[in-house]
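Visitor:
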Amino acid sequence: MLKYFVSRMLMLIPMILIISFIVFIGLEFAPADPLTAMISPDQMSSMTLEDMEAMRESLGLNAPMLVRYGRWLVNLLKGDMGFSIVTGTPITNIISNLLPSTIKLTFAALLVSTFMGLLFGILSAIKSNSAIDYISSVLGVIGISMPEFFIGILALLAFAIRLRWFPAQGRTDVGLGAFGSIKYLVLPACSLGLVLAAALMRYTRNAMLDVLNKDYVKTARAKGLPEWKVYYKHAFRNSLMPISVLICLRLPMLIGGSVVIEQVFGYAGIGSRLLTAINAGDYQLVLVIVLLLSIVSLLASVFIDLLTALLDPRVRLGGDIGGAK
Amino acid sequence: MATALVTKQKRIKKSSLAKRNLQKLLNNKLAVLGLFIVVTMILLCIAAPLLTPYDPGKISLFERDSAPGGEHIFGTDKLGRDVFARILYGGRISILIGLSGALGGMILGVVIGSLCGFFGGILDAIFVKVAELVSIVPQLLLVLILSTIIGPGVPNLIYVFIFTGWVATFRLVRGRFFSLREESFVEACRAFGIGSLSIAFKHILPNCLGPVAVQLTLNTAGFILQEAALSFLGLGVPTGVPTWGNIMNAAKEIITITESPWLWIPTGVAIALFVLGVNFFGDGLRDVLDPSQL
Amino acid sequence: MNKQDYILSIKDLKTQFKVGKRIVKAVDGVTLDVRRGKTLGLVGESGCGKSVTAHSIMQLLPKAATIVDGEIQFRPKDKPEFNILKYKRTDKKLRSMRGKQISMIFQDPMSSLNPVYRVGDQIVENIRQHENISKKQAIKKTVDMLKMLSIPMAEERIKDYPHQFSGGMKQRVMIAMGLISDPELLIADEPTTALDVTIQAQILDLMRHMQDQLGFTIIIITHNMGIVADMADDIAVMYMGKIMEYGTKEDIFLRPSHPYTKALLKSVPVLGNGGNERLEPIRGNTPDPSEMPEGCSFMPRCDMATEACNKAAPNVDIGGGHMVRCWHSKGGAPHE
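Chains as they are written, first to last, in the numbering used here: chain A, 50 to 374; chain B, 124 to 417; chain C, 50 to 385.
#1: My parser needs the alpha helix (DSSP H) runs of 4 or more residues fully inside the stretch 254 to 341 of chain C; what are they?
#2: Please confirm if residue 215 (chain C) has its CB atom under 8 Å from at least one CB of chain A.
#3: Following the continuous alpha helix (DSSP H) through residue 80 (chain C), name the residue where it begins and the one where it ends.
#4: Taking the alpha carbon of residue 373 (chain C) as the reference point, which residue from C:333, C:309, C:55 has its own alpha carbon closest?
#5: Which stretch, first to last residue, makes up the alpha helix (DSSP H) that contains residue 328 (chain B)?
#6: Look at the alpha carbon of residue 272 (chain C) and the alpha carbon of residue 96 (chain C), and state the distance between them as a whole number of angstroms.
#7: In chain C, which residues lie less than 9 Å from residue 254 (chain A) when you measure between Cβ atoms?
#8: Use the C-beta contact count for residue 277 (chain A): other C-beta atoms within 10 angstroms, 16 or more gives buried, fewer gives exposed.
#9: Enumerate in chain order the residues of its own chain whose CB-to-CB distance from residue 412 (chain B) is below 8 Å, with the five nearest sequence positions on each side excluded.
#10: Mind checking the stretch 247 to 266 of chain B against chain A and listing, in chain order, the residues whose C-beta falls within less than 8 Å of any C-beta there?
#11: According to DSSP, simplified to helix, strand and coil, what is residue 384 (chain C)?
#12: Indicate the three-state DSSP secondary structure (helix, strand or coil) for residue 152 (chain C) in the structure shown.
#13: Could one say the Cβ of residue 199 (chain A) lies closer than 8 Å to chain B's Cβ atoms, at least one of them?
#14: Using a Cβ-Cβ distance cut-off of 8 Å, determine whether residue 206 (chain A) contacts chain B.
#15: Give me the Cβ distance between residue 287 (chain C) and residue 93 (chain C), rounded to the nearest whole Å; I'm assuming they're in contact under 8 Å.
#16: Just the C-alpha distance for residue 294 (chain C) and residue 301 (chain C), rounded to the nearest angstrom, thanks.
#17: Is the beta carbon of residue 251 (chain A) closer than 8 Å to that of residue 318 (chain A)?
#18: Which value, in whole angstroms, describes the spacing of the CA atoms of residue 168 (chain B) and residue 162 (chain B)?
#19: What residues of chain C sit near residue 276 (chain A), judged by a beta carbon separation below 8 Å?
#20: Of all the options B:263, B:397, B:354, B:373, which has the alpha carbon lying nearest to the alpha carbon of residue 204 (chain B)?
#21: Residue 221 (chain B) and residue 300 (chain B) look like a contact to me (Cβ under 8 Å); what is the Cβ gap, rounded to whole Å?
#22: In the DSSP assignment, find the unbroken beta strand (DSSP E) run with residue 61 (chain C) in it and report its ends.
#23: So, do the stretch 350 to 365 of chain B and the stretch 273 to 287 of chain B have three or more beta carbon pairs nearer to each other than 8 Å?
#24: Compute the distance between the beta-carbons of residue 37 (chain C) and residue 148 (chain C), then report whether it is under 8 Å.
#25: Leaving aside the five residues before and after residue 370 (chain A) along the sequence, list all residues of the same chain whose C-beta is less than 8 Å from its C-beta, in chain order.
#26: With distance defined between alpha-carbon atoms, name the residue in A:66, A:178, A:160, A:125 nearest to residue 242 (chain A).
#27: CA-CA distance, residue 62 (chain C) and residue 106 (chain C)?
#28: Can you tell me whether DSSP reads residue 146 (chain C) as helix, strand or coil?
#29: Can you have a look at residue 270 (chain A) and say buried or exposed, based on whether 16 or more other CB atoms are within 10 angstroms of its CB?
#30: In terms of alpha-carbon separation, which member of B:313, B:237, B:282 lies closest to residue 269 (chain B)?
#31: Should residue 99 (chain A) go down as buried or exposed, given a rule of 16 or more other Cβ atoms within 10 Å for buried?
#32: Please say whether residue 394 (chain B) and residue 199 (chain A) have beta carbons closer to each other than 8 Å?
#33: Would residue 254 (chain C) be called buried (16 or more neighbouring beta carbons within 10 Å of its own) or exposed?
#34: Determine the closest residue to residue 334 (chain A) out of A:204, A:321, A:346, with distance taken between C-alpha atoms.
#35: Compare the C-beta of residue 162 (chain C) with all C-beta atoms of chain A and state if any pair is closer than 8 Å.
#36: Restricting to Cα atoms, I'd like to know which of C:190, C:239, C:158, C:189 is closest to residue 221 (chain C).
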């Protein structure tokens, strides 16, 4: 298990390097002076053109690209992400203020979708070809066919504007306390989670039906176990592995979706900040956010991957069935 | 001679199999409904000039923001453009982006997948890593980076979708190849002295096409949704071009959501309906091709 | 013979499958008695309904299958007899019967054990489902049973997962699981088909050995005539959902009376049954079960088919419980 864990972690490093390199190239192509992103605006305003050229030289902006990439990476690792060229605030501050809200939103959406997806997926598999199976199948297809933002807007209109159950414009959760912030989280998280829930439900149903045909489920019944135990202990536990693979695959989509949903609800997270940065041409900020969100989704999927390995003794004990090499 | 005979027999058998599958597909009510929705909507979009006298881009300052009814079935937007016309003409672009992105991704995925699956080795190892990388970065963010590099626009968006969309097809084809290349019919082909590429593309590939077709429907649906999301955010197609996402773009403001629902509800429904049709069809296709496959 | 001498009496069992819109009569009127403490071999080609019959006894059929008619009378030793088919699949009565009074082991030991649980826990689960004993006692019982089945280092092995066992060892584990609650009847559905030939012999030996020690009854389902010759006391030959011939091992091997049984015996080599004989395949194929012939189901492949065979054949006792379902054995005259 430890070997597996370490190898998974080591795999992360080249991935992050490659992503950061792509992001850096994006930065190179961006139509903005890199100098403005590296020093604070106060300092900048007191400089002459010669000063700036000297600064460029001393900051190494005229060095070859790979060298600059190396330096940029080292600075990032040190937590120095530069400055927003539009507002002049250090990017590190922006990130540390907003990233937690986004992670909270995505995590809440993940919880909602996992719970709903598994629940209805299992129910429709156990009661396959019944009314509940039929209804949730149809709702499932409709769910995966709706654009996320459309669901969001409809939810906003219905529950926030018309029914007034939730605030229409989600501020951040800063200073609201745990309970106060929940009401800002409910609508965005549910709208974001709904699409994944539908996809998960469809997948869970198939995975469960697949497992229910396995011989070991028959063995469990042959032991005289009650049905709920057969489903829960023997069938569900085994269908968890393919399900968590799907969650892993869909995580990047969930994080991408959070950008859209934050926009719909005016939820102050890293996603909506990303959009303002794009519209303002704040490339340094844009690319740092892109990099961070990619890393978050990478970490999250490695986490789920490890969780799967914990659940599956064949992987955990490095057996002959894939993955552990 | 012998191979020609085998191929011919195979073809005859395949055509009867195709016929049976088509029959099965036509018996699947949801698939037929899905196909009906998709075809009807495409036809409506193509026939747009016959269905509406309005130009989707024509700004009419006297008829700004008017509610549905009268001359404008779905009303007009903030610049006085006819919403119904915009949905029809926008559908052309949205569907074009979705379909061509998915088709391009499919071709790329099939070619790379077949080569990697058949030859394996270092080529395979490289592309597996690339695929992993592409699939781990949130697609929306990938599009962002790419569009800063190559700029916005309809063709660029299609390229971006092709670049991100080949992965699923690639995995599928590669996986099928890995299992099929061990089968005895491949062995038999080798014994007949058929070349590697010919075995890969003429004999193994046709056995992968079922799941690939299903994946094509999934990707089409996905790309149409993504185009909508990107343009809704103002990051996809330039605002001048009407697409479903660009029309929805107006619904970013609360005032539009509450006061001018005709601007976004019909468009949202159009997107959902089209994607629903594609998904129904895709589900049906999957049931017909292999009921046990996920 | 006394009714109590039969542990299980199946009467006119009919199990059907729904495949799309078609109905397939997998078991079409099986009547069968199983002698207590003996071994019954249920033989037939694949698809003849032998496995469905076994699953019907346990009511462990897939969802597409329904038992439409019949009765299965089960007579446990010191308890009142009951008709298994009277109860619903999930009924408590049946649950307390499964794994306790009747156990079943399946064809593929590779997939019969749950891959995510320790082997020991899976056996303990069976004990604790039926007996109210502590986990410690249950583990001890498990280890003892595994030792009886000659699994080396049983104390250690119970902590392993199924993928760490070989096929033969897994089947031993399955047998241990089946026998752990001291059942009266063990149904073994092709228990050795998925195993190597050498392992097959070991597993069969083990089953016989355990039967001698514990005295349970075995129903062994197989397509292998050699295995029934080796294991069974009584044999039922099944074809297309019906029992074609039923009798003791001697009846079947020395006095086969149904043309199908004869053909079957000629088509496979049986040890010690005239080694140099030429094997003859049965001509034709098994018909599609959804398009069964009107009369005797073996008629299309039978060499002695006559006009009479267009009507369903009667089940005739040709002496001492040796039952034959054939027009040509009427009056008990063996035809040769």
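Beta carbons are placed, not taken as given, at the ideal position from N, Cα and C, and that holds for glycine. If you're wondering where the values come from, they're calculated on a predicted model, not measured in any experiment.
Guide: Checking against the coordinates, here is how it stands:
#1: 274 to 280, 298 to 303, 308 to 316
#2: no
#3: Where residue 80 (chain C) is concerned, there is no enclosing alpha helix (DSSP H), although the beta strand (DSSP E) it sits in stretches over 71 to 84.
#4: C:309
#5: Here residue 328 (chain B) belongs to no alpha helix (DSSP H), and DSSP marks it neither H nor E.
#6: 10 Å
#7: Within 9 Å Cβ-Cβ: nothing; residue 254 (chain A) doesn't reach chain C, min ~14 Å.
#8: exposed
#9: 144, 333, 334, 336, 337
#10: 255, 256, 258, 259, 260, 261, 262, 263, 264
#11: For residue 384 (chain C), the predicted structure reports a pLDDT of 41, less than 50, and the residue's modelled location is therefore unreliable. A value from the coordinates is still provided. Coil.
#12: strand
#13: yes
#14: yes
#15: 4 Å
#16: 8 Å
#17: no
#18: 10 Å
#19: 139
#20: B:373
#21: With a Cβ gap of about 27 Å, residue 221 (chain B) and residue 300 (chain B) do not count as contacting.
#22: 55 to 68
#23: yes
#24: As shown, chain C starts at 50 and ends at 385. That puts residue 37 (chain C) outside it, with no answer to give.
#25: Bear in mind that a pLDDT of 40 at residue 370 (chain A), under 50, signals an unreliable position, so the model cannot answer this.
#26: A:160
#27: 10 Å
#28: helix
#29: buried
#30: B:282
#31: exposed
#32: yes
#33: exposed
#34: A:321
#35: yes
#36: C:158
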